[in-house]
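Asker: Okay, handing you the structure first.
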Amino acid sequence: MPAGYGKIASRKASQNCLNAYGPLLPELLGGSADLAGSNLTLWSGAKGVEADDASGNYIYYGVREFGMSAMMNGIVLHGGFIPYGATFLMFM
Numbered sequence: 030m031p032a033g034y035g036k037i038a039s040r041k042a043s044q045n046c047l048n049a050y051g052p053l054l055p056e057l058l059g060g061s062a063d064l065a066g067s068n069l070t071l072w073s074g075a076k077g078v079e080a081d082d083a084s085g086n087y088i089y090y091g092v093r094e095f096g097m098s099a100m101m102n103g104i105v106l107h108g109g110f111i112p113y114g115a116t117f118l119m120f121m
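Counting in the working numbering, the sequence shown tops out at residue 121, every number present.
Shown next, in the form of structure tokens:
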């Protein structure tokens, strides 16, 4: 391992990537099924999509892992966005 790099959890590495690539990819749209604090899907430029303001880039799916995956598939098929999401396998 190169000097200056320590071991980090894969979810923290993922959040680091979101912080690095998020500002460069305005088409990035993602979220979490009620576990953002645990799976670290929130990044520094994340702004929630809300009923009265859909200009955000982060979807709070609630406790809906299956619905989250279905919505991400629909977002991919629609085109124009790069979706991401996270949950823990035991909740799927």
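No residue lacks a Cβ here, since even glycine has one placed at the ideal position from N, Cα and C.
Which same chain residues end up closer than 6 Å to Tyr113 when comparing Cβ atoms and leaving out the 5 residues on each side of it in sequence?
Answerer: Position 84 of the sequence shown, counted from the first residue, corresponds to residue 113. Excluding residues within five positions, the ones whose Cβ falls inside 6 Å are Gly59.
Asker: Rounded to a whole number of angstroms, what is the C-alpha to C-alpha distance between Tyr87 and Leu53?
Answerer: Here residue 87 refers to the residue found at position 58 when the sequence shown is read from its first residue. Here residue 53 refers to the residue found at position 24 when the sequence shown is read from its first residue. Straight-line Cα distance between these residues: approximately 15 Å.
Asker: Who pairs with Tyr113 in a beta bridge, going by DSSP?
Answerer: The sequence position of residue 113 within the sequence shown is 84, counting from 1. Answer by DSSP bridge pairing, in chain order: Gly59.
Asker: In three-state terms, what does DSSP make of Ile88?
Answerer: One-based indexing of the sequence shown puts residue 88 at position 59. Three-state result, Ile88: strand.
Asker: Please classify Leu57 as buried or exposed, where buried requires at least 16 other C-beta atoms within 10 Å of its C-beta.
Answerer: Reading the sequence shown from its first residue, position 28 is the one you call residue 57. Leu57 is buried by the Cβ-count criterion.
Asker: As a quick exercise: from Met100, Gly85, Gly74, pick the residue whose alpha carbon is nearest that of Ala62.
Answerer: What you label residue 62 is simply residue 33 of the sequence shown in a count that begins at 1. Closest option to Ala62, Cα to Cα, is Met100.
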